[in-house]
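Have a look at the structure below, then the notes.
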Amino acid sequence: MYKVFSLLTMIQVIVICSLTLLLFYTNHFVGNKKGLENIQIRHLHVLLSYHLGFSYFFYQYVMAFGGDAVVYWNLNGPLADPNATGWWDYFGIGYPFMYWLNYIPSRFLGWDMLSGFFLYAMLSFLGFRWLFIRLIREYDGKKVFWGIPWPVYFLYLPNLHFWTGGIGKEALCFVAIILILQHIDQQKWASGLLGLFLIFMVRTYLAWLVLISFGIAALLFGPSKKYQLQWGIPCIMAALAAFPALLWYVGMDHFNLEGIQQIIHQQFSLLSGKDVGSSVPMADYAWPMRLFTYWFRPLLLDAHNITSFLASLENLILLTGTTGLALTVKWHRWKPLPLYLKFGIVLFLASSLVYINILSNLGIIMRMKSLFMLFPLLVGAGMMKKE
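Counting the sequence shown from 1 gives a position; this note's numbering is that position plus 2.
Structural data, given as structure tokens:
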């Protein structure tokens, strides 16, 4: 048994190390192909090491405090079929898709959870790499520090690395959003369809938000009338047509304000109270306070352990950064911004309006907002006066 365990561990170490080395190599290859300078390629290597470091930290956090990653990897959480005997028995939307995705490495190969964390982290790093390379070009002309324009350093904010660095829906949703950004920016159909499919399978309601947000962004900010009519109106119509299915998915037979208010009340009741750590009385807040809480809390006064303290430091940076950017942006520079950033800010606002009405736990808020908080910073940086 010990020999089998040692052999299995050795195989995992070899595969994970090989994939890591492959990522370092492809950083160099892709960086050269895209015209990056050597110091910028070294930044990519640092970003990869940074991301993998957060993956290990996330793993240790889950081992200490538990989390969804445990049931995702062990295939025994909500909606798991207790009678499942094979890979495709687990297939489905939401939780079942996570079990199906993890079946091969976890159940078939017998790999441990740490290997799973690194696999997810390496997948999500591909999203960071695309963003890094795209933003280097986007912010050409901005002040450069240690070889890269200063807005690119937003990619080092830790919350996104933490939640996308391990087994979980955030890593997959992040990759899906990057694929959609790639489609918007480079007209890559395959990327867009794959991203929308992945986000639908992982977090269905978010796929609807992505669709309606892209439709609004394309209709209002598309580069031409043809683009606006070709993409904006069809996406909005498709989102409206899919709205009844979304209502069914969240447990409503038909649209009515009373039903929505009941669901919101149930969510606030579920995620608040004395037995829920880091809860805040969102139901009692006015909308401006809900938005402030969602965007910028926990702050230092809310911190009660090391992770909430680190989260509060990042939120302080977000609060300071967004305030500073809001005071210095030149609004006439909105129009030249690329469509993928305009889509990002629409998605940021749409997701904010949803989450301020269903979340009342600061820990869950930090996780759910992690995918979207880059967008206001990147848009603000793009709208500053030329340097």
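For each residue, glycine too, the CB sits at the ideal point set by N, CA and C.
Q. Among all the DSSP beta bridges, which residues are the ones paired with S281?
A. N363
**Q.** Cβ contact check for the stretch 119-134 and the stretch 93-100: 3 or more pairs under 8 Å
**A.** no
Q) Can we say the stretch 37-44 touches the stretch 61-68, given the rule of at least three CB pairs closer than 8 Å? A) no
Q: Output yes or no for whether 8 Å exceeds the beta carbon distance between L293 and I358.
A: yes
Q) Once you ignore the five residues that flank G234 on each side, which residues in its own chain have a CB closer than 7 Å to its CB? A) Excluding sequence neighbours, G234 sits near G217, A220, L221 and G224.
Q) Tell me the DSSP bridge mates of F99? A) For F99, which the question treats as bridged, DSSP gives no partner whatsoever.
Q) Which word fits T166, buried or exposed, when buried means at least 16 other C-beta atoms lie within 10 angstroms of its C-beta? A) buried
Q: Report buried or exposed for V204, applying the criterion of at least 16 other Cβ atoms within 10 angstroms of its Cβ.
A: buried
Q | Helix, strand or coil at L273 [DSSP, three-state] | A | Because the pLDDT at L273 is just 47, under 50, the model does not fix this residue reliably, and the point stays unresolved.
Q: Measure the C-alpha to C-alpha separation of H30 and M239 and round it to an integer number of angstroms.
A: 43 Å
Q: Quick one: give me the first and last residue of the alpha helix (DSSP H) that H185 is part of.
A: K171 to Q188
Q. CA-CA distance, L54 and K227?
A. Approximately 44 Å between the Cα atoms of the pair.
Q | Other residues of its chain near I347: CB distance less than 6 Å, five sequence neighbours each side excluded | A | F377 and V381
**Q.** Extent of the continuous alpha helix (DSSP H) to which T325 belongs
**A.** I308 to T330 is the span of the alpha helix (DSSP H), which, as asked, contains T325.
Q | Straight-line Cα distance separating L249 from T28 | A | 43 Å
Q.
At the level of alpha carbons, what is the spacing between Y296 and I13?
A. 43 Å
(Q) For a quick check, are the C-beta atoms of F26 and L9 less than 8 Å apart? (A) no
Q) Which residues in the same chain as C237 place their Cβ atom closer than 6 Å to its Cβ, once the five residues preceding and following it in sequence are excluded? A) L213, F216 and G217
Q. Taking the C-alpha atoms as reference points, what is the distance between G170 and D70?
A. 7 Å
Q) Is the beta carbon of F2 less than 8 Å from the beta carbon of G143? A) No answer is possible for residue 2: it lies beyond the span of the chain, which begins at 3 and ends at 389.
Q) Start and end of the alpha helix (DSSP H) containing A288? A) Here A288 belongs to no alpha helix (DSSP H), and DSSP marks it neither H nor E.
**Q.** Neighbourhood of G194 by C-beta, 6 Å cutoff - its chain only, sequence neighbours within 5 removed
**A.** I182 and H185
Q | Proximal residues to G365 (C-beta, below 6 Å), its chain only, five neighbours per side dropped | A | Listed in chain order, the non-local C-beta contacts of G365 below 6 Å within the same chain comprise S280, local neighbours out to five positions each way being set aside.
(Q) Using only the alpha-carbon positions, how far apart do R369 and I360 sit? (A) 14 Å
(Q) Are the CB atoms of L339 and M385 within a distance shorter than 8 Å? (A) Yes. Within cutoff.
Q | Segment limits, alpha helix (DSSP H) that includes R131 | A | M115 to E140
**Q.** Range of the contiguous alpha helix (DSSP H) that encloses A243
**A.** It spans I235 to Y251 - the alpha helix (DSSP H) in which A243 sits, taken as one unbroken run.
Q) Quick one, which of D187, W89 and N104 has its alpha-carbon nearest L133's? A) Ranking the options by Cα distance to L133, first place goes to D187.
Q) Mind checking P153: buried by the 16 CB within 10 Å criterion, or exposed? A) P153 counts as buried, since no fewer than 16 other beta carbons sit within 10 angstroms of its beta carbon.
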